[in-house]
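Numbering (this note's numbering), first residue to last: 62 to 168.
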């Protein structure tokens, strides 16, 4: 079975003052995503369940591309609701202080 894999880590640090009272709390989140690659069904000869999985993967990758394009163009509407993947990633990529690094292997 082919699928995307998402691992999210949330880390928090609480600074304690001289009297043992919490002074400041800092939180961070790291989300690692391994996206399944797109497939050309006619070239791979996928059928049945494998074809369905490939179609879902291709749709979610296209939806992610639409989100990235809309954000790059600073559009008013960002289409996060077009797939479960983009809905899951919405708060990861849309917060003002978010840093996004993407590694892509094309082969």
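Here a beta-carbon is modelled for each residue, glycine too, at the ideal position from N, C-alpha and C.
query: C-alpha distance - residue 124 paired with residue 78, whole-angstrom precision; result: 46 angstroms
query: Secondary structure of residue 115, DSSP reduced to three states; result: helix
query: Start-to-end residues for the beta strand (DSSP E) that takes in residue 159; result: Unbroken run through residue 159: none, as it is neither H nor E.
query: Distance CB(residue 65)-CB(residue 107) smaller than 8 angstroms; result: no
query: Member of 92, 147, 148 whose CA lies at the smallest distance from the CA of residue 159; result: 92
query: Enclosing beta strand (DSSP E) for residue 69 [first to last residue]; result: 66-77
query: Assigned secondary structure, residue 98 (DSSP; H/G/I helix, E/B strand, else coil); result: coil
query: Through-space distance from residue 138 to residue 151, alpha-carbon basis; result: 13 angstroms
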